[in-house]
Each structure stands twice: as structure tokens, then as C-alpha cells.
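> Each residue of the sequence shown is one higher than the last, beginning at 559 in my numbering.
Note that CB positions come from ideal geometry on N, CA and C, so glycine has one too.
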Amino acid sequence: MSDRLNVLLIGSGGREHALAHALVKSPLLGDLYVAPGNAGLLELAKKADVAESDHDAVIAFCKDKAIGFVIVGPEAPLVDGLVDSLTAAGIEAFGPTAAAAQLEGSKGYTKDLCAEFDIPTAAYARFSNCEAALDYLAAHPAPIVIKADGLAAGKGVTVAMTNDEAKAAIVECFDGAFGDAGAEVVIEAFLEGEEASLFALCDGKTAMLLASAQDHKPVGEGDTGPNTGGMGAYTPAPVMTTTLTQQVMDRIVTPTIDGMASRGEPFVGVLFVGLMITRNGPELIEYNVRFGDPECQTLMMRLESDLLELLIAAARGELAGKEAKWSNDVVLNVVLASKGYPGSYEKGTVIEDLSAAQALDGVTIFHAGTEKKEGQLLATGGRVLNVCARGKTVTEAQALAYRAVDAIKWDNGFCRRDIGWRAVRREKQVFPTRSS
Ligand code: AMP
Ligand code: GLY
């Protein structure tokens with residue numbers, strides 16, 4: 559691995575900005591390109607003017623620029639088979655094939671895999687017609703969870719506390735609210751507990767533990783209001799003790815990797831394990847087949863190993879015996895979003911004083927929906943900035959992150975003021991005399 563590799567990174571979010579931030583530290587990196595990128599990414603990488611959905615154009619770009627390795631950030635191009643197309647064209651790429659990406663692309667696929675390999679998850683049933691789903695509901699009353707089978711940008715899940723809500727969610731799915739993604743519905747038992755996520759890097763045969771994190775999906779403080787892509791996150795998740803992490807690796811992650819391999823659909827990529835820590839132990843809520851956003855931003859600030867080397871080892875099936883090194887710091891990420899998000903919002907509003915926030919020791923800001931125009935930084939998306947701060951505790955990292963947030967001037971932006979609240983409350987119980 560002595561030759562430098564030109565790398566193409568696919569994506570435009572805070573996740574990809576954080577990945578780029580880690581990639582540029584690697585002595586293995588040649589030129590870094592990004593498609594389509596954002597204002598922050600384009601300070602670290604050259605723009606690749608290709609649409610990720612146009613596989614032929616991506617392949618032609620890779621050949622033209624002598625790209626040796628492609629890293630696919632988001633789920634849509636993975637489910638769409640971009641890695642398969644690149645591999646067929648002889649270009650090395652990191653991420654699962656379309657077949658393996660079904661772990662995220664079809665909730666029913668994952669539930670069947672869990673049933674086949676005895677992986678702990680909520681009891682479930684799959685439906686392709688409304689009548690049968692409603693009959694099942696009559697026999698399995700609320701609380702119950704209704705899920706569109708396919709990718710629905712995080713909006714296809716209803717945790718129904720009443721039968722009326724559950725019925726409405728079923729009818730909505732079959733009425734086409736989520737298009738093809740809702741043509742099939744999974745109904746599953748309601749799980750109670752604390753949620754956490756675990757990330758593992760997989761090479762088709764071996765799963766290497768990365769780290770744990772917790773995110774905040776609802777838009778409102780106290781975890782209220784509609785779900786978003788994620789309003790903030792922190793790593794590590796205090797609920798994920800060493801024992802619990804080992805249980806998740808042994809009972810959930812390893813059987814999944816072995817099961818996928820035995821089905822002839824080996825999983826290569828980042829396995830993002832969404833968990834509910836219940837009274838009976840950890841249960842799988844869902845899989846994603848890529849880094850989480852905003853979780854990735856926090857992970858990349860703690861990673862001390864060479865990211866590019868690890869991703870190449872995963873793509874080549876050479877992870878056995880490797881491990882990733884992490885700093886002992888806690889990192890917390892507060893997402894700044896455009897007012898109105900996750901509904902409609904104004905585009906093109908001006909953000910100022912980012913450098914003042916960025917100058918604080920222990921703070922790194924990753925861009926999501928941003929663009930630079932005539933020297934000004936403009937907000938162009940729903941989630942716009944990720945303000946990440948280090949600390950020895952979540953309480954410390956949280957205080958620093960909000961100091962940085964308060965140094966940024968952006969009238970049209972908002973954030974949740976309580977990112978990390980569960981962990982902060984836990985730390986107060988453990989260290990009751992600490993005032994901060
Ligand atoms: P998902 O898109 O599958 O991660 O679901 C979105 C959110 O719905 C999860 O983060 C959980 O908060 C909640 N959820 C999903 N499945 C269940 C379940 N079986 N029991 C309780 N909550 C769930
Ligand atoms: N933060 C959740 C996700 O990336 O899906």
C-alpha cells in the first residue's frame with residue numbers, strides 16, 4: 559500500500575465533510591475529489607462534476623482522473639448499486655453491493671435475516687396488502703410500530719401509541735405516501751428502552767468494532783416533534799458498556815456478517831446498528847449500511863487510526879486482526895438547521911462569524927447544506943452546520959459546543975439546546991457534586 563491513491567468521495571453532507579477531514583490526514587491519499595460536495599468539503603477536495611445516479615459518468619470520471627478508490631457516503635447510491643457498477647468496471651470502491659445494501663433498503667429483508675439467524679429483534683410480520691395488515695393489527699393492538707419497507711428518508715416509521723394512529727399509518731403507506739417504499743409494510747412489536755447505535759467496519763467476513771454513539775432524531779427539545787435526519791449526536795454512548803458492546807457484537811453483528819456471507823451476499827462497508835437496550839438485553843431496531851449523519855462527525859473527531867487504510871483493508875477483505883484506535887475524549891455534535899426544517903425553509907440566507915466559533919480550542923465545524931458565493935457563506939439545505947466539540951465528559955463537550963454555536967451569527971438558523979441531555983443527566987447522577 560505504498561502508492562498514493564486518488565480518491566473520489568460521493569456525498570454532500572456533514573458526514574462526508576468529516577470523512578474528508580479524516581482522509582486528508584492519510585499518507586496514502588493522492589488527490590481527493592468529491593461529488594457533489596458543499597462549501598466545507600470543497601476546501602479539502604476538488605469538485606467532481608458528475609451525478610452519482612449516472613454510473614457511466616462516474617466510471618468515466620474515475621478513468622479520466624485515475625481514481626483508485628471510491629468511497630460512497632449515503633445510502634441511496636449504495637442501494638442503487640453504484641459499488642456494483644464500479645467494481646464491474648474494475649474500480650475499487652468502499653461500500654456494500656446493492657444485494658447487501660438491502661439490510662437498509664428493505665426492512666423486511668433484515669427482519670427475515672434476523673429470524674433465520676436468531677438475531678434478537680422485535681416480533682414482526684410483513685404485508686403487501688392493506689386488508690391483511692389491518693387484520694393483523696386487530697389481533698396485535700397498540701402500542702405497535704408500522705414501517706414502510708423501503709427507503710423513506712427516515713419518515714417511513716410510525717410508533718403508534720393508539721390503534722387509530724396505527725391504522726392511519728397502514729392506510730397511508732398503502733395509499734402511496736412513500737411511493738414504492740411503502741408498497742410493502744412491516745408491522746412490529748413496540749420495544750421499550752434506551753436507544754443507542756454501534757458502528758462496525760466489515761470486510762465480508764470480519765466485523766471490526768468502531769464505536770458507539772447516540773443521536774437525537776426529533777426536531778424539538780426533550781425529543782419531541784417530527785423526526786429529522788438527526789439534530790445532534792455524541793460518542794461514546796454511555797449506555798453502551800463494554801459488556802453490552804460485546805453482547806451486540808456476538809449476538810447481533812457477527813451472526814449478521816456470517817449470515818450474509820452464507821447467503822452469498824457478503825457485507826462490505828460500515829454496518830450502523832440501531833439498537834434498543836431493553837430489559838431483556840440489546841435488540842436490533844434497524845440496520846443502516848453506511849456511517850450515520852450526524853454520528854459520523856463525532857466518530858471522525860475521535861478516530862486516531864488512518865481512515866483510508868482501514869477502508870481499503872475492508873474493501874480488500876483484509877480486516878482480520880486489525881483494530882481502530884480512538885481518543886478517550888467525548889465528542890458532541892450540535893446540528894444547526896434552517897428555520898422551518900424538517901418542513902419547508904428559506905434557502906440562500908447568510909451565515910457569519912463561523913471562524914470565531916471554529917477558533918475555539920476543541921471545536922470543529924463540519925458543513926452540510928452550505929455554498930460559498932461571492933465570499934459569503936450561504937445556507938442551502940435543511941441541516942446546514944455541525945458544531946462538534948471535545949470534552950472529558952458529555953457535560954463538558956456540550957458546554958463547549960453551545961459556546962461555539964453562540965459565536966455563530968445566522969438569523970435564519972436554529973438548533974436544539976439539549977443535545978446530550980440523557981448522558982448529562984447520567985453524569986450528574988454519577989458525579990453529583992460537579993456543578994457544570
Ligand atoms: P428506524 O427508521 O427503523 O430507525 O425507526 C425510527 C425510530 O422509530 C427509531 O429510532 C425508534 O425511535 C423508533 N422505533 C423503530 N422501531 C421501533 C420498535 N420496534 N419499538 C419502539 N420504537 C421503535
Ligand atoms: N442519524 C441517523 C442516520 O444517519 O440515519
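Quick one: residues in its chain with C-beta nearer than 8 Å to the C-beta of Pro678, no 5 flanking neighbours on either side, listed in chain order?
Closer than 8 Å at Cβ, skipping near neighbours: Cys672, Arg809, Ile810, Asn838, Gly839, Pro840, Glu841, Leu842.
> So Asn785 and Pro776 are in contact, right, with Cβ under 8 Å, and what is the actual spacing, rounded?
That pair is a contact at about 6 Å.
> Nearer than 7 Å: is that true of the beta carbon of Glu844 relative to any heavy atom of the ligand NAP?
Inclusion of the ligand NAP in the displayed structure is not the case, the ligand content consisting of the ligand AMP and the ligand GLY alone.
> Does the segment 942–958 touch the segment 625–635, meaning 3 or more C-beta pairs lie closer than 8 Å?
Cβ pair count under 8 Å is below three, so no.
> Between the beta-carbon of Glu853 and the beta-carbon of Ala914, is there less than 8 Å?
Contact flag unset, no.
> With 16 other CB atoms within 10 Å as the buried threshold, where does Arg983 fall?
It counts as exposed.
> Rounded to whole angstroms, what's the CA-CA distance from Ala878 to Thr764? Just pull it up for me.
For Ala878 and Thr764, the distance between alpha carbons rounds to 6 Å.
> For Ala765, report the span of its beta strand (DSSP E) as first-last.
Run containing Ala765: 765–773, per the beta strand (DSSP E) assignment.
> Do Asn596 and Thr928 have their CB atoms nearer than 8 Å?
Yes.
> What residue range is occupied by the uninterrupted alpha helix (DSSP H) comprising Ser896?
Segment 888–896 is the beta strand (DSSP E) holding Ser896; no alpha helix (DSSP H) there.
> Count the other CB atoms within 10 Å of the CB of Leu567; is the residue buried (16 or more) or exposed (fewer)?
Buried, since its Cβ has 16 or more Cβ neighbours within 10 Å.
> Flag this pair as yes or no: are the beta carbons of Gly762 and Ala819 separated by less than 8 Å?
Yes.
> Give me the pocket residues for the ligand GLY, defined as CB within less than 5 Å of any heavy atom, sorted by chain position.
Here the list is Asp773, Gly788, Gly850, Asp851.
> Over what stretch of residues does the beta strand (DSSP E) that includes Glu1079 continue unbroken?
This structure gives no information on residue 1079, because the portion of the chain shown stretches from 559 to 994.
> Do Leu695 and Lys669 have their beta-carbon atoms positioned less than 8 Å apart in this structure?
No.
> Relative to the C-alpha of Trp979, which residue among Lys897, Lys930, Val797 is closest?
It is Val797.
> Taking 8 Å as the limit between beta carbons, can you name the residues of its chain near Arg975, skipping five residues before and five after?
So the qualifying residues of the chain are Glu779, Tyr960.
> Tell me the rounded alpha-carbon separation between Glu574 and Leu869.
Straight-line Cα distance between these residues: approximately 14 Å.
> Does DSSP classify Asp707 as helix, strand or coil?
Here Asp707 sits in coil by DSSP.
> Under 7 Å from any heavy atom of the ligand AMP, does the C-beta of Val628 make it?
No, the ligand AMP has no heavy atom inside 7 Å of this Cβ.
> What is the rounded straight-line gap between the Cα of Gln934 and the Cα of Glu601?
Computed Cα separation, rounded: 14 Å.
> Tell me whether the beta-carbon of Val806 lies closer than 8 Å to the beta-carbon of Pro654.
Not closer than 8 Å, so no.
> Find the nearest neighbour of Ala895 within the set Glu723, Arg941, Phe675, Leu599, judged by alpha-carbon distance.
If we check each option's Cα against that of Ala895, Arg941 comes out closest.
> Within 7 Å: the Cβ of Met798 and any heavy atom of the ligand AMP?
Met798 Cβ: outside cutoff for every heavy atom of the ligand AMP.
> Pull the bridge partners of His925 from the DSSP assignment, please.
Bridge partners of His925: Leu943.
> Between Lys897 and the rest of its own chain, which residues show a CB-CB distance below 8 Å, the 5 nearest in sequence each way excluded?
Only Tyr903, Glu904, Asn970, Gly971, Phe972 meet the Cβ criterion.
> Given a threshold of 16 other Cβ atoms within 10 Å of its Cβ, counted over all protein chains shown, does Pro824 qualify as buried or as exposed?
Result: buried.
> Would you tell me roughly how many angstroms separate the C-alpha atoms of Leu644 and Asp622, rounded to the nearest one?
Computed Cα separation, rounded: 14 Å.
> Would DSSP call Leu586 helix, strand or coil?
In this structure, Leu586 counts as coil in the three-state DSSP scheme.
> Bridge partners for Met834 per DSSP, in chain order?
DSSP lists Glu753, Glu841 as partners of Met834.
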